[in-house]
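**Q** Numbering (my numbering), first residue to last: 1329 to 1596.
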Amino acid sequence: MDDPIKVEKDQNIAKIYLNRPQVMNAINVEMRIRLEEELKKLAMDNSVRVLIITGAVTQEKRKAFSSGDDLRDPGFSYESPNVLLESYNTVNKMRNLYDLIDDYPKPIIAMVNGVCLGGGLELALSSDFIFASDNAVFGFPEINLGFIPAWGGTQRLMRKIGETNAKRLIFTGETIDAKKAKEINLVDVLTSDEELEKITLDFAKKIAEKSPLTLLMAKRIIEKGTECSLQSGLLYEVLSLMLSIKTEDMKEGINAFFEKRKPEFKGK
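(1) Is Gly1447 close to chain C? Criterion is C-beta to C-beta, closer than 7 Å.
(2) State the start and end residues of the unbroken alpha helix (DSSP H) segment that holds Leu1543.
(3) For the alpha helix (DSSP H) containing Phe1585, list its first residue and its last residue.
(4) Starting from Tyr1416, trace the beta strand (DSSP E) both ways and give me its first and last residue.
(5) Grouping DSSP H, G and I as helix and E and B as strand, with all else coil, what is Val1476?
(6) In three-state terms, what does DSSP make of Ser1557?
(7) Helix or strand or just coil, what does DSSP make of Thr1382?
(8) Which of helix, strand or coil does DSSP assign to Ile1512?
(9) Suppose you measure from the CA of Lys1495 to the CA of Lys1579; what does that come to, to the nearest Å?
(10) Can you look up Gly1442 in the DSSP assignment and give me helix, strand or coil?
(11) Considering Asp1505, what are the terminal residues of the beta strand (DSSP E) in which it resides?
(12) By DSSP, does Ala1464 sit in helix, in strand, or in coil?
(13) Count the other CB atoms within 10 Å of the CB of Phe1475; is the residue buried (16 or more) or exposed (fewer)?
(14) What does DSSP give as the partner residues of Ala1342 in its beta bridges?
(15) Under three-state DSSP, which class holds Ser1520?
(16) Who are the Cβ neighbours of Asp1430 in its own chain at under 6 Å, not counting the five residues just before and after it?
(17) Can you name the start and end residues of the alpha helix (DSSP H) that Ala1354 belongs to?
(18) Does DSSP put Asp1397 in a helix, a strand or coil?
(19) Measuring alpha carbon to alpha carbon, tell me which of Leu1428, Gly1467 and Lys1434 ends up nearest Ile1392.
(20) How far does the alpha helix (DSSP H) with Phe1499 in it reach, from first residue to last?
(21) What's the call for Cys1444, buried or exposed, on a 16-neighbour Cβ count within 10 Å?
(22) Using DSSP with H/G/I as helix, E/B as strand and the rest coil, what is Phe1593?
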């Protein structure tokens, strides 16, 4: 049986494949467990500075990032007398995984190469950036099945595209194409299917050249800024700069500037 998560590492970049292409990379319990395992490993791997999450492709070249929750393997039984408790626990486990992605210490890019629905879109929204091909489609079809996106979708979608656009997508259950997704700021970078991997990798390499410590600080401060007052955010900013002053990376960056060379950051 194929591993539902496949990881490839090239220099400072790790590419994670959602690897159930025969079911359009639908997310089941095993995939959740394996994705969490690999993310925790890569968080501790100092050789990896940027992650890309994408969907595996079938031999027929049918492309999907993820079609969402695998309803055939939801992690609980609808017939169980404890269905409410079991479903609550399952949803919490998925939400914890997506919180892990959201709070991850390294930048994560969702490279959306096809269908991106439901839980798959919630995964993409948990990432720092969404790069998409022009054949990608997005949506939250849960309303058509009588429930709502509950792996963080209602909250992260609203923060990404605004309340009105979020309500429209969730209330109607409609799917939108990549062009429309870019227009409403759901997608950060839109490109052709042929260029998607190259453009995503080029961007990942550019980030991977930076100081890992500084990237982590910048990510944390920007995210904090969405939760606190301007003055509190400015205080976090100053304190982080003070922490940077003592790092080897800041010394290296300044020395490289004056020596007119490319800095070699070590994450120290």
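Think of the CB as a built atom: it goes at the ideal place given N, C-alpha and C, for glycine as much as any other residue. These numbers come from a predicted model, not from an experiment.
**A** On the basis of the supplied data:
(1) As a matter of chain content, chain C is missing from the structure shown, which is built from one protein chain.
(2) Annotation for Leu1543: the continuous alpha helix (DSSP H) segment containing it runs Pro1540 to Gly1553.
(3) Glu1576 to Phe1586
(4) Tyr1416 -> not in any beta strand (DSSP E); alpha helix (DSSP H) instead, spanning Val1411 to Asp1430.
(5) The residue asked about is misnamed: residue 1476 is Ile in this sequence, not Val. If DSSP states are grouped into helix, strand and coil, Ile1476 belongs with coil.
(6) coil
(7) strand
(8) coil
(9) 48 Å
(10) coil
(11) Thr1503 to Asp1505
(12) coil
(13) Here Phe1475 is exposed: its Cβ has fewer than 16 other Cβ atoms, across all protein chains shown, within 10 Å.
(14) Beta-bridge analysis with DSSP links Ala1342 to Lys1337 and Leu1379.
(15) Reduced to three states, the DSSP call for Ser1520 is coil.
(16) Around Asp1430: Ser1454.
(17) Looking at the DSSP string, Ala1354 is not in any alpha helix (DSSP H), and its letter there is neither H nor E.
(18) strand
(19) According to the sequence displayed, residue 1392 carries Ala and not Ile. Selected option, being the one with the closest Cα: Gly1467.
(20) From DSSP, the alpha helix (DSSP H) with Phe1499 extends over Glu1491 to Thr1500.
(21) buried
(22) coil
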